Amino acid sequence: MAQFIAPVATITTRKWGTRTTLVIGIILQSAALLGASWSTEIWQLFLSQAVCFGFGMGMQFSATVGIIPQWFGRRRSLANGIGTAGSGIGGLIYSLASSAMIQRWGTGWAFRILAISSAAACGFSAIIIRDRNKAIGAVQIAFHASLLKRPEFLLTLAWGCFSVLGYVALLFSIPSYANTVGLTVSQGSILGAMFNLGGGLGRPVIGYVSDSFGRINTALVSTFLAGLFSLVIWIFAKSFGVLIFYALIGGAVAPTFTTTVAPVGTEVVGLQLLPSALSIFWLSVVIPSTFAEPIALWLRTDNGANFLHAQIFTGFMYMGAAISLWLVRAWKISELQKTGADGDPVKREAEIRDNDAVPRQPVVARTVSRVPSVTSKAKAAKGLFTVVKV
Amino acid sequence: MQLEKNDDSSQAITASPPGHDSIHPSTDFSEKTLSENDPADDDQADHDPADNEPVNTDPEQAQPPARIEVEPPPDGGYGWVCVMCVFLVNAHTWGINSVGSRGLQTMLDLLIFVAISHMVYFWHIIWTQIHFWGHQT
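Taken in order, these protein sequences are the chains called A and B. Anchor point for the first sequence: position 20 equals 20 in the working numbering, and the numbering is continuous, going up by one each time. Quick note: to get the working numbering, add 1000 to the position in the second sequence (first position is 1).
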């Protein structure tokens, strides 16, 4: 639901601005929470929570996700990591606070308090946030179909879709897995909190590393690690301690795509096209995120007690995501080599605009000058194994 | 393909300075040199003025670049305020999402699962029927 609204949010951002989009989202979200607090029938809860809350959240998320890259160049990923860490920290605080509130005041007032606090915080943000869409000449098209003709963009979408399949299957399986290996309910909630804490602490770290190590490189490594951890740690995690360890490090790398999609997208399509690209990106992950949970459920064997197939599925989805991003990286390297070789002025200006794309390393120039007449295919294959900051 | 493009751009760059030197005496020449330049870089027409700008010192000849001039990102300043805003928005959307609708989400999954398992079950029945009739005939 949340991703489904992304094109609408792109259009309203173009027509009425970021602030109006945020306000629409806040109204929808508060209405959903208030409606849930007064609902008596199950369909009312379904309508308010699943539909209204999802739309409100999607509006706010789509309106804000592209703003940080517009403000930062050199420290883009760090700033983006700090901004997205909010979801981990917020999840941690709300998971602890909501159970206390429900115990003390009941479900109805817990929902109302959630509505008031979220409306206050998001309303405050909506007032003081400022985008630079005009300053950079952003292209905000809800469905920019010509982007789909670019193979590198399609590979980025494949990275997103595979990551979403793995991530949703993981999030969905972890609580019932905790039950299956014999953890109590409170241990299960601690596990969920650790997962959020890992996300909250891990994302700024990933962002900081990303700025010096390269955005695509870091996203590639973290996606690969997310797959590796689920294959080599999660499968063998039977005790509470090991699961906590997995939740902390897995929570840091598992949501890599939500943390790095804006910086990586900027590397792939450029800063101006980023809003249009993100719109398509969120729309295209709707289908995998819907199907990941039934798949994960279906893969459980022995009456839902054996998670091995679901774990392997998660791991290999992340591996597939890493391979897609690896190809994107090869494309980016070959593109940088091209600009290094013939000095195409459009690209050069794009690099000036987006100063991260400048091939600072002399390695690029050297490899190009050594092999000036290889075919583009050989160059692309070489790009798979070139060590360079991208 | 790549080499050809390379040739084109280098030709355009080397060809343009003499063209602009010869522009100064009369305007007729400028028309001629422009049209002569055109086929060489027809696909790079929109960035040609920007490319020539450093070479050309005459303000009359320097075409203003068509696209918007983009200043680099401030890399801080008010950006950190925006980071805080995005942090708050994420905390109060994803944070609530991760706890608020857990029970409902599970119910929705169960509904989807029941639907899919029914589909699988009926498909299985149809499949076995087809096999059964296939063996019969």
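For glycine and all other residues, C-beta sits at the position ideal for the given N, C-alpha and C. Note that the coordinates shown come from a computational prediction; the quantities given were computed from them, not determined experimentally.
* Asked: For the region 306-320 of chain A against the region 140-151 of chain A, are there 3 or more C-beta pairs whose distance is under 8 Å?
  -> no
* Asked: Buried or exposed: ARG104 (chain A), going by 16 or more other Cβ atoms within 10 Å of its Cβ?
  -> exposed
* Asked: Closer than 8 Å, CB to CB, is ASP356 (chain A) near chain B or not?
  -> The predicted position of ASP356 (chain A) is uncertain, since its pLDDT is 46 and thus under 50; no value can be drawn from it.
* To do: Determine the extent of the alpha helix (DSSP H) in which ILE206 (chain A) is found, giving its start and end residues.
  => 185-213
* Asked: Along the region 1078-1094 of chain B, what residues have a CB closer than 7 Å to any CB found in chain A?
  -> TYR1078, GLY1079, VAL1081, CYS1082, VAL1083, CYS1085, VAL1086, PHE1087, LEU1088, VAL1089, ASN1090, ALA1091, HIS1092, THR1093, TRP1094
* To do: Following the continuous alpha helix (DSSP H) through TRP105 (chain A), name the residue where it begins and the one where it ends.
  => 76-105
* How big is the Cα-Cα spacing for PHE162 (chain A) and GLY83 (chain A)? -> 24 Å
* **Option nearest PRO288 (chain A) by Cα separation, candidates A:VAL261, A:PHE236, A:LEU157, A:PRO275** => A:LEU157
* To do: Return yes when the Cβ of THR301 (chain A) is within less than 8 Å of the Cβ of GLN140 (chain A), no when it is not.
  => no
* Asked: If ILE244 (chain A) sits next to MET194 (chain A), beta carbons under 8 Å apart, how far is it from one beta carbon to the other, in whole angstroms?
  -> 5 Å
* At a Cβ threshold of 8 Å, is GLY108 (chain A) touching chain B? -> no
* **Alpha carbon of ILE1130 (chain B) to alpha carbon of VAL387 (chain A), nearest angstrom** => 56 Å
* Specify whether the region 24-32 of chain A and the region 118-127 of chain A touch according to this definition: at least 3 beta carbon pairs, one from each stretch, less than 8 Å apart. => yes
* To do: Could you check which residue in A:GLN29, A:CYS52, A:GLY66 has the C-alpha nearest to that of GLY17 (chain A)?
  => A:GLY66
* Any beta-carbon of chain A closer than 8 Å to the one on ILE1126 (chain B)? -> no
* At a Cβ threshold of 8 Å, is CYS52 (chain A) touching chain B? -> no
* Asked: Measuring from the CB of ALA169 (chain A), is there a heavy atom of the ligand ATP at a distance below 7 Å?
  -> Of the ligands one can find in the structure shown there are none, so the ligand ATP has no counterpart to examine.
* Would SER289 (chain A) count as contacting chain B if we go by Cβ distances under 8 Å? -> no
* Asked: Near LEU78 (chain A), what residues of its chain come up, given a Cβ to Cβ distance below 6 Å and the 5 sequence neighbours on each side ignored?
  -> GLY207, TYR208, ASP211
* Would a check of beta-carbon distances place THR259 (chain A) closer than 8 Å to chain B? -> no
* Asked: So, are the CB atoms of TRP71 (chain A) and ARG19 (chain A) less than 8 Å apart?
  -> no
* Asked: In chain B, which residues lie less than 9 Å from MET57 (chain A) when you measure between Cβ atoms?
  -> THR1093, TRP1094, ILE1096, ASN1097
* **Three-way DSSP call (helix, strand, coil) for PRO7 (chain A) in this model** => helix
* Closest residue to TYR167 (chain A) among A:ALA378, A:THR259, A:PHE46 (Cα-Cα distance) -> A:THR259
* Asked: Are the Cβ atoms of PRO275 (chain A) and GLY81 (chain A) separated by less than 8 Å?
  -> no
* **CA nearest to the CA of GLY199 (chain A), picked from A:GLY241, A:LEU231, A:GLY91** => A:GLY91
* Could you have a look at THR386 (chain A) and say whether DSSP puts it in helix, strand or coil? => coil
* What whole-angstrom Cβ distance do SER30 (chain A) and ALA115 (chain A) have, given they're in contact under 8 Å? -> 5 Å
* To do: May I have the straight-line CA-CA distance separating LEU191 (chain A) from ILE1096 (chain B), to the nearest angstrom?
  => 17 Å
* **TRP71 (chain A) at chain B interface by Cβ criterion, 8 Å** => yes
* To do: Determine whether the Cβ of THR10 (chain A) lies closer than 8 Å to any Cβ atom of chain B.
  => no
* Asked: Is it right to say TRP234 (chain A) is buried, meaning 16 or more other beta carbons lie within 10 angstroms of its own, or is it exposed?
  -> buried
* Asked: Would a check of beta-carbon distances place ARG300 (chain A) closer than 8 Å to chain B?
  -> no
* Within chain B, partners of SER334 (chain A) - CB distance below 8 Å -> Those do not exist, as SER334 (chain A) stays about 10 Å from chain B at its closest Cβ, beyond 8 Å.
* Can you tell me where the alpha helix (DSSP H) with TRP234 (chain A) in it begins and where it stops? -> Note, TRP234 (chain A): premise wrong, no alpha helix (DSSP H); not H, not E.
* To do: Return no unless some Cβ of chain B is closer than 8 Å to the Cβ of SER95 (chain A).
  => yes
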